[in-house]
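In our numbering, the protein residues as written are 1 to 264.
Take a look at the structure set out below.
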Amino acid sequence: MDYKSFVFAQNDSVATIRLDDPGKLNALTFQTYVDLERVFAELAHDDAVKVVVLTGTGNGFCSGGSVSEIIGPLLQMTGPELYKFTRMTCDVVKNMRLLKKPIIAAVNGIAAGAGAMLMLASDLRIFSERARAAFLFVRVGLSGADMGALYLLPKIVGMGKAAELLYFGDTIDAREAYRIGLANRVVAGETLMDEAYKWAARLRNGPLYALGVTKELLEQESDVDLETALEMEARAQAKCMEMADFTEGYNAFVEKRPPKFNRD
Numbered sequence: 001m002d003y004k005s006f007v008f009a010q011n012d013s014v015a016t017i018r019l020d021d022p023g024k025l026n027a028l029t030f031q032t033y034v035d036l037e038r039v040f041a042e043l044a045h046d047d048a049v050k051v052v053v054l055t056g057t058g059n060g061f062c063s064g065g066s067v068s069e070i071i072g073p074l075l076q077m078t079g080p081e082l083y084k085f086t087r088m089t090c091d092v093v094k095n096m097r098l099l100k101k102p103i104i105a106a107v108n109g110i111a112a113g114a115g116a117m118l119m120l121a122s123d124l125r126i127f128s129e130r131a132r133a134a135f136l137f138v139r140v141g142l143s144g145a146d147m148g149a150l151y152l153l154p155k156i157v158g159m160g161k162a163a164e165l166l167y168f169g170d171t172i173d174a175r176e177a178y179r180i181g182l183a184n185r186v187v188a189g190e191t192l193m194d195e196a197y198k199w200a201a202r203l204r205n206g207p208l209y210a211l212g213v214t215k216e217l218l219e220q221e222s223d224v225d226l227e228t229a230l231e232m233e234a235r236a237q238a239k240c241m242e243m244a245d246f247t248e249g250y251n252a253f254v255e256k257r258p259p260k261f262n263r264d
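Here you go:
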């Protein structure tokens, strides 16, 4: 895969997307959004990739939209042009959440604005002890409803904390992010990528079909009643029971050995 605005690498079934403009703390451009929307759509059909790691080069994860390359031009756009842009930014998140493969955000520095949303739209978030996060939208006169923030953030940190983060736009450090559940883990900066790839390896070696179903239903069940959720789970689990991974999991347990799940 060839992308203009970030580094894409693949190794042993793990794809790494590394935002790569460290001088601007990996600020997003129009091209970055185009490439991100495309890469997550294409990864859905790439059987060679089982897990995705998203990170940034240098001291920042992603500082949000570039002031000179996005914010300034937006001020000159018409209503339909603005909607085309915001719809594209939302489609990045849509493609991330629809991807039936785990996405790990290795948050190496500031994740602000749209950068915070890329982190939030990932499935798991490992923070460097130097990482920080800020949902800055109201600080620049925009609503906190950006790229799915009002849908995703309350599910992770609760309604009250989400309102606080979105209303004030304050920056929180890694320790606070962990305390409120935004960060799954906080590690030393020099070990961040090692820890991210350890998790990626565990997931890569896991039952990939079952993981994909789990991600899909985590998303779908949040907006249905209990009976609907139970029916969805009954059907999904019955399907998993037909898969070879279920048989392998049973055999491994009985034989007291690590399972060797299908990686094809």
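By construction, the Cβ of each residue, glycine as well, lies at the ideal position given by its N, Cα and C atoms.
How many angstroms separate the CA atom of G49 from the CA atom of A149? The question names Gly, but residue 49 in the sequence shown is Val. Roughly 27 Å between the two C-alpha positions.
Does the Cβ-Cβ distance between N95 and A41 come in under 8 Å? Yes, these two residues count as a Cβ contact at 8 Å.
Three-state secondary structure assigned by DSSP to D46: Of the three classes helix, strand and coil, the one that applies to D46 here is coil, per DSSP.
Range of the contiguous beta strand (DSSP E) that encloses I110: Per DSSP, I110 belongs to the beta strand (DSSP E) from 110-112.
What does the alpha-carbon distance come out to for the pair G160 and P154? For G160 and P154, the gap between their C-alpha atoms comes out near 8 Å.
Same chain only: Cβ atoms within 7 Å of G206, ignoring 5 sequence neighbours per side: Cβ neighbours of G206 within its own chain (closer than 7 Å, five residues either side excluded): F261.
What is the rounded straight-line gap between the Cα of L166 and the Cα of V140? Rounded to the nearest angstrom, the two C-alpha atoms are 12 Å apart.
Closest by CA to S107, which one among A121, C90, L99, F127? Note on residue identity: the sequence assigns Val, not Ser, to residue 107. Scanning A121, C90, L99, F127 for the CA closest to the CA of V107 turns up F127.
Closer than 8 Å by C-beta to G189: which residues in its own chain qualify, once you throw out the five before and the five after it? Chain order, please. N108, S128, E129, R130.
Would you say the stretch 110-118 touches the stretch 60-77, given that touching needs at least three Cβ pairs under 8 Å? Yes, the stretch 110-118 is in contact with the stretch 60-77.
Quickly, what does DSSP pair A134 with across the bridge? List them, please. According to DSSP, A134 bridges with A112.
Can you tell me whether K101 is buried or exposed? The criterion is at least 16 other CB atoms within 10 Å of its CB, across all chains shown. Classification of K101: buried, given that the 10 Å Cβ count is 16 or more.
How should E37 be labelled, buried or exposed, when 16 other C-beta atoms within 10 angstroms of its C-beta is the threshold for buried? Flag for E37 reads buried.
Using a Cβ-Cβ cutoff of less than 7 Å, which residues in the same chain neighbour I103 once the five nearest sequence positions on both sides are dropped? Taken in chain order, the residues that qualify are V52, L54, M96, S122, D123.
At 3 residues or longer, what runs of the beta strand (DSSP E) sit wholly inside the stretch 154-188? Qualifying beta strand (DSSP E) stretches, in chain order: 185-187.
Three-state secondary structure assigned by DSSP to S13: Looking at S13 - three-state DSSP - the assignment turns out to be coil, as it is neither helix nor strand.
Could you check how far apart the C-beta atoms of A177 and A133 are, in whole angstroms? I think they sit under 8 Å. That belief holds up - the Cβ atoms of A177 and A133 are roughly 6 Å apart, short of 8 Å.
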